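Residue numbers (this note's numbering), protein chains in the order written: chain A, 1 to 95; chain B, 101 to 195; chain C, 201 to 295; chain D, 301 to 395; chain E, 401 to 495. Structure record follows, encoded as structure tokens.
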Amino acid sequence: MILGRIVGTVVSTRKDDKLAGAKLLVVRAVDPRASADSPKKTQASYLIAVDTVDAGVGDKVLVVSGSSARMAAGLKDTPVDAAIVGVVDTVEIED
Amino acid sequence: MILGRIVGTVVSTRKDDKLAGAKLLVVRAVDPRASADSPKKTQASYLIAVDTVDAGVGDKVLVVSGSSARMAAGLKDTPVDAAIVGVVDTVEIED
Amino acid sequence: MILGRIVGTVVSTRKDDKLAGAKLLVVRAVDPRASADSPKKTQASYLIAVDTVDAGVGDKVLVVSGSSARMAAGLKDTPVDAAIVGVVDTVEIED
Amino acid sequence: MILGRIVGTVVSTRKDDKLAGAKLLVVRAVDPRASADSPKKTQASYLIAVDTVDAGVGDKVLVVSGSSARMAAGLKDTPVDAAIVGVVDTVEIED
Amino acid sequence: MILGRIVGTVVSTRKDDKLAGAKLLVVRAVDPRASADSPKKTQASYLIAVDTVDAGVGDKVLVVSGSSARMAAGLKDTPVDAAIVGVVDTVEIED
């Protein structure tokens, strides 16, 4: 999984039927070491993930990718390759 | 998933039987932050995806990759690793 | 999927039983925008794919990766993560 | 699989039900050649993995990614794309 | 699949039960064009793969990744995302 920060939303009216009602969020990957997010946003990496834990813009979250995204609650057999499966309280690094 | 812009088409006559009738589109990955597309096309990333939502060249779309592409309508058991599953109306970023 | 150019062959005598008879080809990823292939071969990306459409060296092809490669004709349950599933006639780009 | 060094922990209270009790660890990818870890931490790559072998911060571990992470003990059908499946005793390189 | 050179071994005593007896090898990705291996080892890419064809250090091999690694002989349902499925005799490139 990766850590991410929710930074936006996507609206898509014409989409696969199985995505009806899915909340599509823009997630920016964040470095686990950064207490505050890294300032190098020009090189930031973004993906679109489906929320499954009632997360919102600004939250730091846990994102699962690939076929495992379909194991998240409510996403069985959906055409989804990234899901938000946790809201992160704290990250502790000893590196 | 990623956001992409449909920028072209691929014609392949000799192909896997299960791909018969599939509309093969060239998609350029786009940065969710860009209201207009990024100008750095020299470093752009492209992939070929199968359309499942009647999208066309110029559309901004949602692309699902990997095994989850086979969950899109009509792609069960097909040898496809990227599918267009939504036409994007708007992207809102608060980054 | 990606576009590729078949640039070579691999011979492996001692291999997984399920790969017996598989035609192993070296594929160079090509940029869909290039009418001729890109000259920057020093940075080229290569992979080994199993041919399923009777393609040969020099052909421009469609390559599917990951579990979806096993959906190609004849590759069910084989240890293969990349398959050539189409010979490309034309690519049209409006970028 | 990749080699990694466990460098931290993640706490997430609100998460997918199937992740209840999962120990979420921050893993830094390490170069197999390095007897000591590489000093170039600015370019380090991190991921979040679920521990399945009672590993802890400081351990060098084996991490499996993708759908195969769900084959690790106790992770069947969970939304997890990276699992720690071994504590590494030694790595020998003849390169 | 990718071409690789086996350059080392990994010993892990405490590991997932399904990995008992698995031979864990360190593989360096090699460029198919190089008759001898590339000298740029500082930028080399490494992964840990399970041997299924009785390969050894120094061999040039074919490595399959992702869920397809579990299709290799003896790896069904194991937490393995990379398997050595062939020893390479020759690679011919016309690029």
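We treat Cβ as the ideally placed atom computed from N, Cα and C, and that holds for glycine. If you're wondering where the values come from, they're calculated on a predicted model, not measured in any experiment.
Gly208(C) and Val226(C) do touch by the CB rule: their CB atoms are close to 4 Å apart, below 8 Å.
Comparing alpha-carbon positions, the option among Ala134(B), Arg128(B), Arg133(B) lying closest to Pro232(C) turns out to be Arg128(B). Residues of the same chain with a CB within less than 6 Å of the CB of Ala222(C), apart from the 5 flanking positions on each side, are Val250 in chain order.
Here Ser365(D) carries a strand assignment [DSSP, helix/strand/coil].
Close to chain E, meaning a Cβ-Cβ distance shorter than 7 Å, are the following residues of the region 369 to 391 of chain D: Ala369, Met371, Ala372, Ala373, Ala383, Val385, Gly386, Val387, Val388, Asp389, Thr390, Val391. Rounded to the nearest angstrom, the Cβ distance from Met471(E) to Lys218(C) is 7 Å, consistent with a contact under 8 Å.
Where Glu192(B) is concerned, the enclosing beta strand (DSSP E) starts and stops at 190 to 193. Residues of chain E whose Cβ lies closer than 9 Å to the Cβ of Lys218(C) are, in chain order, Met471, Ala472, Ala473, Val485.
Residues of chain A whose Cβ lies closer than 9 Å to the Cβ of Val307(D) are, in chain order, Pro32, Arg33, Ile93, Glu94, Asp95. Residue-level contact check: Leu425(E) does not touch chain C, since none of the beta carbons of chain C fall below 8 Å from its beta carbon. The beta-bridge partner set that DSSP reports for Asp359(D) is empty. Scanning Leu203(C), Ser212(C), Met201(C), Gly204(C) for the CA closest to the CA of Glu492(E) turns up Ser212(C). Rounded to whole angstroms, Gly186(B) and Val153(B) show a C-alpha spacing of 6 Å. Below the 7 Å Cβ cutoff, chain B contributes Arg114, Lys115, Asp116 as neighbours of Val253(C), in chain order. Asp151(B) carries a strand assignment under DSSP once its states are collapsed to helix, strand and coil. In this structure, Leu224(C) keeps its C-beta atom at 8 Å or more from the C-beta atom of Leu262(C). Around Leu275(C), the same chain offers Val250, Thr252, Ala269, Ala283 as residues with beta carbons nearer than 7 Å, after the five sequence neighbours per side are excluded.
The three-state reading of DSSP puts Arg33(A) in coil, since its state is none of H, G, I, E or B. A Cβ of chain D is located within less than 8 Å of the beta carbon of Val411(E). Straight across, the Cα-Cα distance linking Ile448(E) with Met301(D) is about 5 Å. Among the residues of chain C, those whose CB is under 7 Å from the CB of Ile402(E) are Leu247, Ile248, following chain order. Under the Cβ distance rule, Val264(C) counts among the residues neighbouring chain B, one pair being separated by less than 8 Å. With respect to chain E, the C-beta atom of Val261(C) has no partner C-beta closer than 8 Å. Going by C-alpha positions, Glu294(C) is about 41 Å away from Arg405(E).
In the DSSP assignment, Ala283(C) falls within the unbroken beta strand (DSSP E) covering 282 to 287. Ala155(B) and Thr190(B) have their alpha carbons spaced roughly 15 Å apart. Using a 10 angstroms sphere on the CB of Asp416(E), the tally of other CB atoms reaches 16 or more, which defines it as buried.
The criterion of a C-beta distance shorter than 8 Å is satisfied by Gly166(B) and Ser67(A). Restricting attention to Gln43(A), Val64(A), Gly58(A), Val88(A), the CA atom closest to the CA of Pro379(D) is found in Val64(A). Judged by DSSP in its simplified three-state form, Arg470(E) adopts helix.
For Val57(A) against Val188(B), the beta-carbon gap comes to about 17 Å, at or over 8 Å, which does not count as contact. Assigned with DSSP and collapsed to three states, Lys118(B) falls in helix.
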